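In full-length UniProt numbering, the protein residues as written are 1 to 752.
The beta-carbon is built from N, C-alpha and C at its ideal position, and this holds for glycine as well.
Bear in mind the structure is a predicted one, so any value in this text is a computation, not a measurement.
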Ligand SMILES: O=P(O)(O)OC[C@H]1O[C@@H](O)[C@H](O)[C@@H](O)[C@@H]1O
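What follows is the structure in C-alpha cells.
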C-alpha cells in the first residue's frame with residue numbers, strides 16, 4: 001500500500017520537477033546576464049565621474065612633469081573610490097605612474113578612439129577587468145591618458161549568488177506545489193476508493209451505510225456502471241446457486257449460454273476426439289481410449305466450438321475440408337474438429353520425446369528417469385507455436401475462451417496470450433505436478449513455467465498439485481504469489497491456480513445387457529467357468545499404472561490363499577500406448593513374461609489366474625467387463641486422477657463389486673470407500689484382493705452406494721462447469737478492472 005502511494009505521488013511530482021527544472025534551465029542564464037548588465041552600467045557611471053573629477057588636477061601636473069604629485073593623486077583616488085587600480089600614460093604611450101595592482105599586461109593601449117572616453121571589458125591573464133580610458137587635454141594639446149581598472153571577479157561572485165538564489169526559489173516552488181498537488185490528489189483518490197469499496201462490499205445493491213457520504217460527483221458515472229455490472233452479476237450468481245446442484249449436459253449448456261453468452265470456445269489438445277483410419281471396409285471412425293477426450297467432449301457438444309488437435313489417423317486428411325476442418329461427431333455433428341498436421345520428425349521430438357520421455361516421467365515420479373534432449377525441446381517449441389497459430393487463426397473474436405489440455409502444450413498459453421491479449425485461457429494439467437526439487441531437473445523449467453503463466457486459469461486435479469505448482473513457481477521465477485487467493489502475478493498477467501478434480505459422464509440409459517448377462521457372456525468369451533470370481537484392470541500399457549505390482553499382488557494372494565487357485569482369474573486389459581518408446585516396449589515384455597510365469601505356476605484345469613489382453617477395447621466393451629467383474633484393481637504408482645476407478649463405479653448399477661485403489665491416485669482423495677492400498681507393498685495388495693473377493697454383499701453395497709452418489713454428483717459436467725464458471729467470473733472481473741482503469745486514467749488526467 002505504501003509503495004502504491006509512493007508510486008502515485010511520483011506520478012505527480014516527477015512531471016512537475018521536470019517542467020520546473022527545464023524552466024529554471026532557461027531562466028537562470030537570463031537572470032545572470034541582467035545582473036551583469038546592471039553592475040557594468042553602475043561601474044561605467046562611477047568611472048566616468050572619476051575621469052571628469054581628475055581632469056583638472058592632471059591638466060595642471062602633466063605639463064609640469066610632476067610625477068610625484070600625479071602618484072599621490074592616483075593613490076589617494078584609488079583608496080577613496082575602491083577602484084582596483086589607476087595609471088597615467090604620457091602622450092608617447094608610456095606609463096608615467098600606476099597604483100599597486102595595475103595589470104602589467106594592459107600597459108598603455110593606443111588612443112585610437114573617437115571622443116575622449118572609451119570603456120570596455122577585457123579578459124586579461126589575471127581575470128576579467130573593466131577598463132575606462134579617459135583622454136586628458138588642455139585645449140587642443142594632448143597631455144596623456146588616465147586608465148581606470150576595475151576587477152570584475154566580485155561581480156562574477158555576486159552573479160553566481162544570484163543564480164543560486166533563483167534555483168533555490170524554483171526548488172522551493174516545486175516542493176510546495178508538489179505537496180499541495182499530492183495532498184489534493186490523495187484526498188480525491190481516497191474519496192473514490194472509499195466509494196468504490198462501499199459499492200463492492202455491498203455487492204452493488206446494498207444501501208449506503210449510515211454516516212457515509214455520497215461518493216464525489218466525478219465518480220458518479222463510474223458508480224452507476226459498476227452498480228449495473230455488479231447487480232447483473234449478483235442476479236446471475238444467485239440464480240445459479242439456487243438452481244439444482246446436479247450437473248448434467250443441459251445445465252452445462254445453460255451455463256455456457258448464460259455465463260458466456262455468445263463467447264467463442266476453442267479447445268486445444270494433442271489427442272483428437274475422432275480418428276479416421278482406412279481399413280478393408282473403407283474409412284472408419286474411432287474414438288481414442290483417452291480420459292481427456294471423455295472429459296472434454298461434453299463441453300464441446302454443449303458449446304459448438306472448435307477443437308484443435310493433431311490429425312493422427314491415416315485417413316484424417318481424406319475427410320477434412322480445404323481448411324483442415326471436419327464436423328463431428330460423425331453421426332450428429334455439433335462442433336468443428338480442426339486438424340493440425342505434424343511430420344514424423346515433429347511427432348517424434350514433441351510428442352514421444354519431450355512430452356512423453358521428458359515431462360511424463362518428470363511429473364509422475366514413477367522411477368523412470370526423464371530424458372531431456374535439446375532436439376526434442378526444439379520440436380516441442382515449434383509444435384506449440386504451430387498450435388498457438390492455429391488457435392489465433394481459428395479465433396473469430398478478440399477474446400475467445402481457449403481451453404488448453406495437458407502437458408503437451410505448456411508453452412502455448414503464453415504464445416496465444418501474446419497474440420490475443422484479451423483471451424480467457426484456461427488450461428487443465430491432466431497429470432500430477434511434482435514438488436519443486438523434482439521439477440527442477442528440467443533444463444527448461446523457467447520457460448515452461450513462463451508458458452503456463454500465460455493462462456488466466458490453471459487447473460490441476462488436487463489441491464496438493466496446486467500447492468506443488470505454486471511452490472515451484474516461487475522457487476524458480478520472480479513473481480508475486482497470493483497464497484490465500486491462489487493467484488500468481490507475472491509480467492502484468494494474473495493466473496488463478498485451482499483444483500478441479502476431473503470425472504466422467506454418468507452413463508445414460510439402460511445397458512444392452514444386465515449384470516447377470518454380462519457376467520455370463522464375458523466369462524464365455526474368455527473361456528472361463530460361469531461361477532469364476534473375476535478381477536479386472538483396464539489401463540494404457542504404461543509404467544505409471546503399476547500393472548506389474550498388480551500382477552504380483554494376484555500371485556501373492558494365490559500363495560497366501562491356495563483355495564483361490566482355479567476359482568479366480570484377473571483380466572488385465574492393457575491398451576498398447578506409445579509403443580515406439582523403449583521403456584514401453586520393455587514394460588510390455590515384462591508384463592507378458594510375468595503373466596506367463598504366474599499362469600505356469602497357478603494355472604489349473606483350464607483356469608489361468610491372469611488373462612492378459614494387450615489390445616484396444618472400446619468403451620462399451622470395457623463397460624461390459626466392469627459389470628462382469630467382482631473386483632476392479634487400480635494400482636497406479638502415481639496418477640493425476642484415474643478415471644477407470646470412476647468408470648467402474650458408474651457401471652455398477654447393481655451396487656456390487658469392490659474397488660481396490662492406489663493411494664497415489666487423485667481418485668483416492670475422493671473415493672474413501674474403496675480399499676485404499678500402497679501398490680508398492682505387494683502383501684497389502686494381496687490382502688486387499690482377498691478381502692474384496694470375500695467381502696459380504698451388504699458391505700459391498702454400502703461402499704458402492706456411497707461412491708456412486710459421489711461420482712454421480714461430481715461428474716465431468718461439474719468439472720467443466722466449475723472451470724467455466726470461474727472463467728466467466730474472471731472475465732467479468734477483468735471487464736470491471738478495465739472499466740476502473742479507464743475511469744481512473746481519465747480522472748487522473750483531469751487532476752493533472
Ligand atoms: O499419449 P496419449 O495416448 O494421448 O495419452 C495421453 C493421456 O494419457 C492419459 O493417461 C493422461 O491422463 C492424460 O493426461 C494424457 O493426455
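From this set, 712, 18 and 370, which residue's C-alpha is nearest residue 441's C-alpha? When the alpha-carbon of residue 441 is set against those of 712, 18 and 370, the nearest one is in 370.
What does the alpha-carbon distance come out to for the pair residue 487 and residue 455? When rounded, the distance between both Cα atoms is 11 Å.
Close-in-space but distant-in-sequence residues of the same chain around residue 341 (CB under 6 Å, 5 per side omitted): Closer than 6 Å at the Cβ level, and outside the excluded window around residue 341, lie 311.
CA-to-CA distance, residue 551 to residue 682, given in whole angstroms: In this model, residue 682 and residue 551 are separated by some 9 Å (Cα to Cα).
Span of the beta strand (DSSP E) holding residue 259? Not the beta strand (DSSP E): residue 259 falls in the alpha helix (DSSP H), residues 249 to 259.
To which residues does DSSP link residue 145 through a beta bridge? DSSP lists 89 and 135 as the bridge partner or partners of residue 145.
Residue 420 to residue 350, Cα distance in whole Å? Across the structure, residue 420 and residue 350 are spaced so that their CA atoms are roughly 24 Å apart.
In the structure shown, what three-state DSSP assignment does residue 594 receive? Residue state for residue 594 is assigned as helix, using DSSP reduced to three classes.
Which partner residues does residue 665 have in the DSSP bridge list? Residue 665 pairs with 639.
May I ask you to report which of helix, strand or coil DSSP gives residue 534? If DSSP states are grouped into helix, strand and coil, residue 534 belongs with the strands.
I'd like the ranges of any alpha helix (DSSP H) spanning at least 4 consecutive residues and lying wholly in the stretch 461 to 516. Qualifying alpha helix (DSSP H) stretches, in chain order: 463 to 476.
Distance between beta carbons of residue 642 and residue 666, contact taken as under 8 Å: Between residue 642 and residue 666 the Cβ distance is about 7 Å, and since that is below 8 Å, they are a contact.
With a threshold of 6 Å, establish whether the CB of residue 316 neighbours any heavy atom of ligand 1. Residue 316 Cβ: outside cutoff for every heavy atom of ligand 1.
If you draw a straight line from the alpha carbon of residue 151 to that of residue 50, how long is it in whole angstroms? Between the alpha carbons of residue 151 and residue 50 lies a distance of about 16 Å.
Buried or exposed: where does residue 14 fall if 16 or more other Cβ atoms within 10 Å of its Cβ makes it buried? So residue 14 counts as exposed.
Could you work out which residue in 566, 188, 640 and 540 is closest to residue 591 when comparing CA atoms only? With distances taken between CA atoms, residue 591 lies nearest to 540 out of 566, 188, 640 and 540.
Exposure of residue 165, with buried meaning 16 or more beta-carbon neighbours within 10 Å: Looking at its Cβ environment, which holds fewer than 16 other Cβ atoms inside 10 Å, residue 165 is exposed.
Looking at residue 167: is its Cβ nearer than 7 Å to the Cβ of residue 388? Against a cut-off of 7 Å, the Cβ pair of residue 388 and residue 167 comes out as no contact.
Just to confirm before moving on: does the CB-CB distance between residue 493 and residue 401 stay below 7 Å? Going by C-beta atoms, residue 493 is not nearer than 7 Å to residue 401.
Could you tell me the boundaries of the beta strand (DSSP E) in which residue 613 lies? 610 to 613 is the extent of the beta strand (DSSP E) around residue 613.
Shorter than 6 Å, the distance from the beta carbon of residue 310 to the closest heavy atom of ligand 1, or not? Residue 310 Cβ: outside cutoff for every heavy atom of ligand 1.
For residue 656, which three-state DSSP category applies? In the displayed model, residue 656 falls within coil according to three-state DSSP, outside both helix and strand.
Does the pairing of the stretch 54 to 63 with the stretch 26 to 41 give three or more beta-carbon distances under 8 Å? Contact between the stretch 54 to 63 and the stretch 26 to 41 is absent, with fewer than three C-beta pairs closer than 8 Å.
Do residue 566 and residue 604 have their C-beta atoms within less than 7 Å of each other? A contact, by the Cβ cut-off of 7 Å.
The stretch 326 to 343 contacting the stretch 645 to 665, beta-carbon criterion three pairs below 8 Å: Three or more beta-carbon pairs separated by less than 8 Å are not found between the stretch 326 to 343 and the stretch 645 to 665, which leaves the two stretches without contact.
Is residue 368 helix, strand or coil by DSSP? Coil.
Please confirm if the stretch 270 to 280 is in contact with the stretch 693 to 702, defined as three or more CB-CB distances below 8 Å between the two stretches. Contact fails: fewer than three Cβ-Cβ distances are below 8 Å.
With hydrogens ignored, establish whether the beta-carbon of residue 426 is closer than 6 Å to any heavy atom of ligand 1. The nearest non-hydrogen atom of ligand 1 is 6 Å or more from the C-beta of residue 426.
Could you tell me whether any non-hydrogen atom of ligand 1 is closer than 6 Å to the CB of residue 292? Set against 6 Å, the gap from the CB of residue 292 to the closest heavy atom of ligand 1 is smaller.
Given this structure, state the Cα-to-Cα distance separating residue 490 from residue 430, to the nearest angstrom. Each residue's alpha carbon lies about 23 Å from the other.
Would you check whether ligand 1 has a heavy atom nearer than 6 Å to the C-beta of residue 287? Outside the cutoff, so no.
So does residue 430 have its beta carbon nearer than 6 Å to some heavy atom of ligand 1? Yes; taking the cut-off as 6 Å, the Cβ of residue 430 has a heavy atom of ligand 1 nearer than that.
Nearest by alpha-carbon distance to residue 731: which of 260, 628 and 39 is it? Nearest option by C-alpha distance: 260.
Where do the ends of the alpha helix (DSSP H) carrying residue 770 lie? Coverage of the chain is limited to positions 1 through 752, which leaves residue 770 absent and any answer about it impossible.
State yes or no: is the C-beta of residue 406 nearer than 6 Å to some heavy atom of ligand 1? Relative to ligand 1, residue 406 has its C-beta within less than 6 Å of a heavy atom.
Who pairs with residue 632 in a beta bridge, going by DSSP? Paired residue(s): 536 and 659.
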